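Below is one structure, written out as structure tokens, with a few remarks after it.
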DNA sequence: GGCCGCCTGAGC
DNA sequence: GCTCAGGCGGCC
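Residue numbers (the UniProt record's numbering): 1 to 293.
Okay, structure coming up:
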């Protein structure tokens, strides 16, 4: 379900509810969500661990224990993480419950069961959030135009697809790639090797701007979070283009278009995000074999 | 590059 | 009944 801003919202809500608590019994109702190690060992290792803090890297959350062990997870499409009192009725599709020392429970609910948990013991290499697995955070100063250009400038894939590559930038998914490209004024189907220096500049500044804006717009109280069962976020109504095909562009009023790009539904403004911007004509010269008018 | 699998549910 | 969904890995 969530992208970086939503995962950060979950982290901020849960940290004060989890820090300092010790894990008691561990109940796994569906072993397929446990990616590492085997469910039996996973449960045994987890029991008795005291939670120090929760961090986020890209779309991954990590519970850090005082022992030095860590529990990392990814919510994928429909994962929900909730802290609630032991007596509350179980939501359908609850797959994991950790009882906490304050008589609350940390519950993992996931309709589609795409989400995954990994437990790493102290000293064990984290294969998920290491440097070769995840690129910089969107707010990392390294993410300037020259970084993007040197990393992507020769690629023939679309810029939208490359923004989804977690090794390039961590945390961007289908909503925020559309939002970022709208703010940057770049057509989502533009090939990376056709982007100009000015495009890379606007993209570099749009990435942190839009992500920070998303985190800010997501802010909510723990009560609101629980009421929305951890799946309703506040920013949806503020998104500029995502899910708004047919509606007027917030900048120019033209109807927003929807198109499948890189296999993902994409929404953009045909006027503000031109597929062939003026001045890019020389980039459209095709070799003879391509001309099949 | 595109397609499929993994899953269930919402909306049409 | 069909299509689609905010993710990601794998396959050809």
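Beta carbons are placed, not taken as given, at the ideal position from N, Cα and C, and that holds for glycine.
A quick note: this is a predicted structure, and the numbers were derived from the prediction, not measured.
Check the DSSP bridge columns for residue 183 and list the partner residues they point to.
Position 183 of the first chain, counted from the first residue, corresponds to residue 183. DSSP output for residue 183 lists no bridge partner at all.
How many Å lie between residue 189 and residue 267 at the Cα?
The residue given as residue 189 occupies position 189 in the first chain. The residue given as residue 267 occupies position 267 in the first chain. Whole-angstrom Cα-Cα distance: 11 Å.
Taking all protein chains shown into account, decide if residue 230 is buried (16 or more other Cβ within 10 angstroms of its Cβ) or exposed.
For the purposes of this step, residue 230 is taken as residue 230 along the first chain, with counting starting at 1. Buried, by the Cβ-count rule.
Alpha-carbon spacing of residue 198 relative to residue 176, whole angstroms:
Working through the first chain from its first residue, we reach residue 198 at position 198. Working through the first chain from its first residue, we reach residue 176 at position 176. If I take the Cα positions, the gap works out to 20 Å.
Taking C-alpha atoms, which residue in 33, 109, 185, 11 lies nearest to residue 275?
Against the first chain, residue 275 aligns to sequence position 275. Considering only alpha carbons, the answer is 185.
Complete alpha helix (DSSP H) runs within the stretch 159-232 (minimum length 4 residues, chain order)
159-163, 174-184, 197-218, 222-227
So, residue 120 versus residue 78, is the Cβ gap smaller than 8 Å?
Taking the first residue of the first chain as position 1, residue 120 is located at position 120. Taking the first residue of the first chain as position 1, residue 78 is located at position 78. It is not a contact, given that the beta carbons lie outside the stated cut-off.
Over the uninterrupted alpha helix (DSSP H) stretch that includes residue 39, give me the two end residues.
On the first chain, position 39 is the one that residue 39 refers to. Residues 39-46.
For residue 16, report the span of its alpha helix (DSSP H) as first-last.
In the first chain, residue 16 corresponds to position 16, counting from 1. Here the alpha helix (DSSP H) through residue 16 covers 4-18.
Residues of its chain near residue 9, where Cβ-Cβ distance is below 6 Å and the 5 sequence neighbours each way are ignored:
The residue labelled residue 9 in the question sits at position 9 within the first chain. Counting only Cβ-Cβ distances below 6 Å, and skipping sequence neighbours, we find 218.
So if DSSP puts residue 64 in a beta bridge, which residue, or which two residues, is it bridged to?
Stepping through the first chain from its first residue, residue 64 is reached at position 64. Residue 64 pairs with 53, 70.
Smallest Cα separation from residue 246: which of 256, 237, 239, 240?
The count along the first chain starts at 1 and reaches residue 246 at position 246. It is 256 whose Cα lies nearest to the Cα of residue 246.
Residue 33 in three-state terms, based on DSSP
Position 33 of the first chain, counted from the start, is the residue given in the question as residue 33. It is helical.
Fully enclosed by the stretch 89-153, which alpha helix (DSSP H) runs are 4 residues long or longer?
145-152
For residue 261, which residues of its own chain have a beta-carbon under 8 Å away from its beta-carbon, when the five flanking residues on both sides are left out?
Here residue 261 is taken as the residue at index 261 of the first chain, counted from 1. Result list for residue 261: 158, 160, 161, 188, 189, in chain order.
Out of 97, 178, 125, which has the shortest C-alpha to C-alpha gap to residue 37?
Translated into positions along the first chain, residue 37 becomes position 37. Among 97, 178, 125, the Cα nearest to that of residue 37 belongs to 125.
Suppose the cutoff is 7 Å on Cβ atoms and the five residues either side in sequence are ignored; what does the same chain contact list for residue 163 look like?
Within the first chain, numbered from 1, the residue matching residue 163 stands at position 163. Hits under 7 Å: 169, 172, 177, 180.
Under 8 Å, do residue 118 and residue 134 count as touching if we go by C-beta distance?
The count along the first chain starts at 1 and reaches residue 118 at position 118. The count along the first chain starts at 1 and reaches residue 134 at position 134. Going by C-beta atoms, residue 118 is not nearer than 8 Å to residue 134.
Counted within 10 angstroms of its Cβ, other Cβ atoms place residue 317 as buried (16 or more) or exposed:
Lying before the first or after the last residue shown, residue 317 is absent from the chain, which here runs from 1 to 293.
Backbone secondary structure at residue 27 - three-state DSSP:
Here residue 27 refers to the residue found at position 27 of the first chain. Here residue 27 sits in strand by DSSP.
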